Amino acid sequence: MNNNDRIILRMLRNIKRGGGSLRKLHKYFGIQDTERNIRGISIRPDSEYVNIIYLKIKSKSRDYDVLETYIDGLPRDINNVIYSYLFTVRELNYMIRLPINYPFEEPKWVFKKYSENGKSVPHYEPDPNALYCGQDHSPSMHIDLEILLYVSSLSWFNKE
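Residue numbers (this note's numbering): 274 to 433.
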């Protein structure tokens, strides 16, 4: 195990020590669930390589209004049951490869999968590799802050 691996493991331990869980990173960031949005962020270190982290961003949102989906002639209870099934589940997966001289060099994000309601669809969100354009990366930005920066740029994750 080299010095870089120790830095990465220490960084992940600091997230846990700060009251966070790698499986519930959204709570560590203070992201609250609302009536229309349930959001989750989790990271999982690779079992073989210390410098690889898997990121999963998930959002379950209601894009429809109760009054727009109300069907005339049906009882209110049945309309409420129908409304309870009208939601969109989005899931975005990345593999983050931390370089040997991390945090002095920015991590490389490898897109894995984006799906809506279980179906893979094209992904048009900002590229996390272009967040700094190779110039403005700061060693003080650890991986948890870089994930928060990227998640804050996702339009579908942040809508209320």
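We treat Cβ as the ideally placed atom computed from N, Cα and C, and that holds for glycine.
Predicted model, so just to flag it, every value in this text is computed and none were measured.
Judged by DSSP secondary structure, Lys300 falls within the alpha helix (DSSP H) whose first and last residues are 298-302. Annotation for Met284: His415 place their beta carbon closer than 6 Å to its own, counting only its chain and skipping 5 residues before and after. In terms of Cβ geometry, Ile314 and Lys329 form a close pair [threshold 9 Å]. Boundaries of the alpha helix (DSSP H) harbouring Leu418: 416-425, taken from the DSSP string. Assignment of beta-bridge partners to Ser315 by DSSP yields Lys329. In the assembly as shown, Asp417 is a buried residue. Its beta-carbon has 16 or more other beta-carbons within 10 Å.
Looking at Lys392, Tyr375, Arg370, the one whose alpha-carbon comes closest to that of Glu321 is Arg370. Burial state of Tyr343 is exposed, judged by a 10 Å Cβ sphere holding fewer than 16 other Cβ atoms. In this structure, the CA atom of Arg279 is about 21 Å from the CA atom of Trp382. When Ile351, Ile420, Glu398 are compared, the shortest CA-CA separation from Pro380 is found for Ile420. Asp350 and Ile304 have their C-alpha atoms some 31 Å from each other.
One Cα belongs to Ile281, the other to Tyr327, and the distance between them is close to 14 Å. Sequence-distant partners of Pro412 (beyond 5 residues in either direction) whose C-beta falls short of 8 Å from its own C-beta, in its chain, are Pro376, Phe377.
By the neighbour-count criterion, in which 16 or more other beta carbons inside 10 Å mark a residue as buried, Val424 falls on the buried side. Counted as a single uninterrupted DSSP element, the alpha helix (DSSP H) harbouring Tyr356 occupies residues 349-357.
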